[in-house]
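Asks: So the protein lines, in turn, are chains A and B. Using the UniProt record's numbering, the first residue of the first sequence is number 1, and each one after it goes up by one. Using the UniProt record's numbering, the first residue of the second sequence is number 1, and each one after it goes up by one. Glycine included, every Cβ here is placed at the ideal spot set by N, Cα and C. Please read these numbers as outputs of a predicted model, since none were measured by experiment.
Protein chains: 2
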Amino acid sequence: MFFNPPMHSDDEAFLANVCKGLAHPARIRILRQLMTEHSCTCGHLVEGLPLAQSTVSQHLKILKESGLVRGEVEGPRTCYCVDRETVNRFAPLIRALLAITPEAS
Amino acid sequence: MFFNPPMHSDDEAFLANVCKGLAHPARIRILRQLMTEHSCTCGHLVEGLPLAQSTVSQHLKILKESGLVRGEVEGPRTCYCVDRETVNRFAPLIRALLAITPEAS
DNA sequence: ATCGCTTATCGTCGATTAACGATAAATGAA
DNA sequence: TTCATTTATCGTTAATCGACGATAAGCGAT
């Protein structure tokens, strides 16, 4: 079996930051929607959530800051999509953290 | 109309709540320590962190509220350990979320 | 140039977070 | 009982979050 690799503090900060992005039910919802739909406008997301447009916009900003989401202006609207690079870095890190087993003493 | 969630909103709230517990580097560090050491006193955790005892105690409280950690009083000290039930519920949920691929349209 | 649509930002409010020192509570030991 | 140790809690301060309405900014179409 492998020993648990030591985690760099960069990775800890990254993990914490992404988790912060996921630390609200509305943002979980938004991320899941973007994972399946590939690209959504803010307005479309607002339709699917019981929140005001400004609130959704704010959640999208937090998701962007966490690195999970990117937004591209297209004409009068903005298309949001998941940043797969962040997901692909995050997934193995959180997986490794959760898979740690106690040392046999 | 709201998105039709393939995920129960209970699960979304659970995911968000656990992520909230992980949304700070110190708590990532603490959880990691508890995953490997199985059981730690607050004082032992304080030794490994650049934070005051009261701050570490506060982080432990947040981790308990997120369900990730349990604490048991043993004499004058408290032993903290990971709640594996929470981890075992969280792991497949976050994994499933991150594994979603865009629908072929 | 103006209108209409879409989205970001501003301002506000109450609640929460994060950090610390100080202190209280609980327990084991002397 | 008294003392030392350990941890939780209180009080404080600054910062951030979460929600909203209102408004500004950008763009396409008329």
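Just checking: is the beta-carbon of B/ALA96 within a distance shorter than 7 angstroms of some beta-carbon in chain A?
Replies: For B/ALA96, the answer is no, since every Cβ of chain A falls outside 7 angstroms of its Cβ.
Asks: Going straight from the alpha carbon of A/THR36 to that of B/MET7, what length do you get?
Replies: Roughly 13 angstroms between the two C-alpha positions.
Asks: In the DSSP assignment, find the beta strand (DSSP E) that holds B/THR78 and state where it starts and stops.
Replies: First-last of the beta strand (DSSP E) with B/THR78: 77-82.
Asks: Residues in the same chain with beta-carbon distance under 8 angstroms from A/LEU60, minus the five sequence neighbours each way, listed in chain order, please.
Replies: Excluding residues within five positions, the ones whose Cβ falls inside 8 angstroms are ILE30, CYS42, LEU45, VAL69, GLY71, TYR80.
Asks: State the Cα-Cα distance for the pair A/GLU74 and A/CYS40, rounded to the nearest angstrom.
Replies: Computed Cα separation, rounded: 11 angstroms.
Asks: Opposite B/GLY71 in the DSSP bridges: which residues?
Replies: DSSP, once it has assigned bridges, lists B/TYR80 as partnering B/GLY71.
Asks: If we cut at 7 angstroms on Cβ distances, does A/VAL87 have a partner in chain B?
Replies: True, the Cβ-Cβ gap to chain B drops below 7 angstroms.
Asks: Smallest Cα separation from B/ASP11: which of B/THR86, B/GLN33, B/ILE62, B/ALA52?
Replies: The shortest Cα separation from B/ASP11 among B/THR86, B/GLN33, B/ILE62, B/ALA52 belongs to B/THR86.
Asks: DSSP on A/THR41, reduced to helix/strand/coil?
Replies: Strand at A/THR41.
Asks: Taking only three categories from DSSP, how would you classify A/GLY21?
Replies: Of the three classes helix, strand and coil, the one that applies to A/GLY21 here is helix, per DSSP.
Asks: Note down, in chain order, each residue of its chain lying with its Cβ closer than 7 angstroms to the Cβ of B/PRO76, except the 5 sequence neighbours on either side.
Replies: Here the set comprises nothing.
Asks: Could you pull the start and end residues of the alpha helix (DSSP H) that B/GLU65 belongs to?
Replies: First-last of the alpha helix (DSSP H) with B/GLU65: 53-65.
Asks: State whether the segment 14-28 of chain B contacts the segment 49-64 of chain B, with contact taken as three or more CB pairs (one from each stretch) at a distance under 8 angstroms.
Replies: The segment 14-28 of chain B, when compared against the segment 49-64 of chain B, does touch it at the 8 angstroms Cβ threshold.
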